[in-house]
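In the numbering used here, the protein residues as written are 1269 to 1560.
Idealized CB from N, CA, C, for every residue including glycine.
Let me begin by presenting the structure, written as structure tokens, before commenting on it.
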Ligand code: PAF
């Protein structure tokens, strides 16, 4: 039996850990907070979907196990640097934001890192309770040479729609562009994703943010054969009732991932001498909201 470690007990971490455990993969969910880990150990993880509600009890640990077949990192981007990871274990990041794969590569070596993104949408309801709001594709690949077989097999066994890419940097950027359009606006306006499509002003602003982010991606050599504006609007529609991860953070008075999303776009745009005026204003507003 393969052994998966999922780091991060947020909405997506709970969803992935519960689904892996449910299909018979030996799963450890890592929650560094002792008290919350004790609660999770007792009550397990309950996942609500449109069709059913189920509870699974993966192993809960406060430290990353020294050995397993692969590690799935689903912590907030600003926590990546703090992870104490075992060497030589395939380590897959599906986190939001730019820079996670580079940070992991510096910690465990690029040849042990896989990176990508997921469009699975999950909402955190309470400790150990999440709603699976929408299914979506999960795409990842080797940052340099890490074999993808172990996570691919287990995640497919758990019923996730997996595809393997030779350009994980592009996959990460594509998701970041989408997040740069949706997440800050939902956080600032306190609305679900679908609401952004309903008013001309928010639709336009979302489009402008996506265009700015796409230009910065282009400056880093990433070009997309399709419109990321249309892609963002499609994801907004598909996750219409979802509360974005950034709005979930604001509501729970947690630090958001604005730094790894809009902050990185701003920084990289400045490096490439590309103006990103709307991204800058949105970034400043979310920082101000976080400080409230
Ligand atoms: O961060 C999120 O919330 C998700 O990536 C997405 C796709 C915007 C859906 O809510």
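Sequence-distant residues of the same chain with beta carbon closer than 7 Å to residue i, five excluded per side
i	result
residue 1328	1297, 1299, 1305, 1308 and 1309
residue 1413	1379
residue 1509	1401, 1460 and 1462
Nearest-angstrom beta carbon gap, residue j and residue i [assumed within contact, 8 Å]
i	j	result
residue 1434	residue 1465	Actually they do not touch by this definition, with Cβ atoms about 33 Å apart.
residue 1448	residue 1481	4 Å
residue 1463	residue 1291	About 35 Å; that fails the 8 Å criterion.
residue 1376	residue 1355	6 Å
residue 1431	residue 1407	5 Å
residue 1550	residue 1452	5 Å
residue 1360	residue 1340	5 Å
Sequence-distant residues of its chain with Cβ nearer than 6 Å to residue i (five each side left out)
i	result
residue 1475	1497
residue 1349	1371
residue 1429	1405
residue 1543	none
residue 1336	1271 and 1273
residue 1365	1345, 1525, 1528 and 1529
Close Cβ partners of residue i (< 8 Å) along its chain, the five nearest in sequence each way excluded
i	result
residue 1393	1316 and 1399
residue 1454	1460, 1461, 1463, 1464, 1511, 1512, 1514 and 1515
Legend entry - Pocket of ligand 1 defined by Cβ to heavy atom distance under 5 Å: 1389, 1450, 1507, 1510, 1512 and 1513
Legend entry - Contact the stretch 1378-1390 vs the stretch 1398-1415: 3+ CB pairs below 8 Å: Yes, they touch.
Inset, instruction - Would you check if the stretch 1450-1460 and the stretch 1515-1522 touch, i.e. whether three or more CB-CB distances between them fall below 8 Å? - result: yes
Legend entry - the stretch 1281-1296 touching the stretch 1516-1530, judged by at least three CB pairs closer than 8 Å: no
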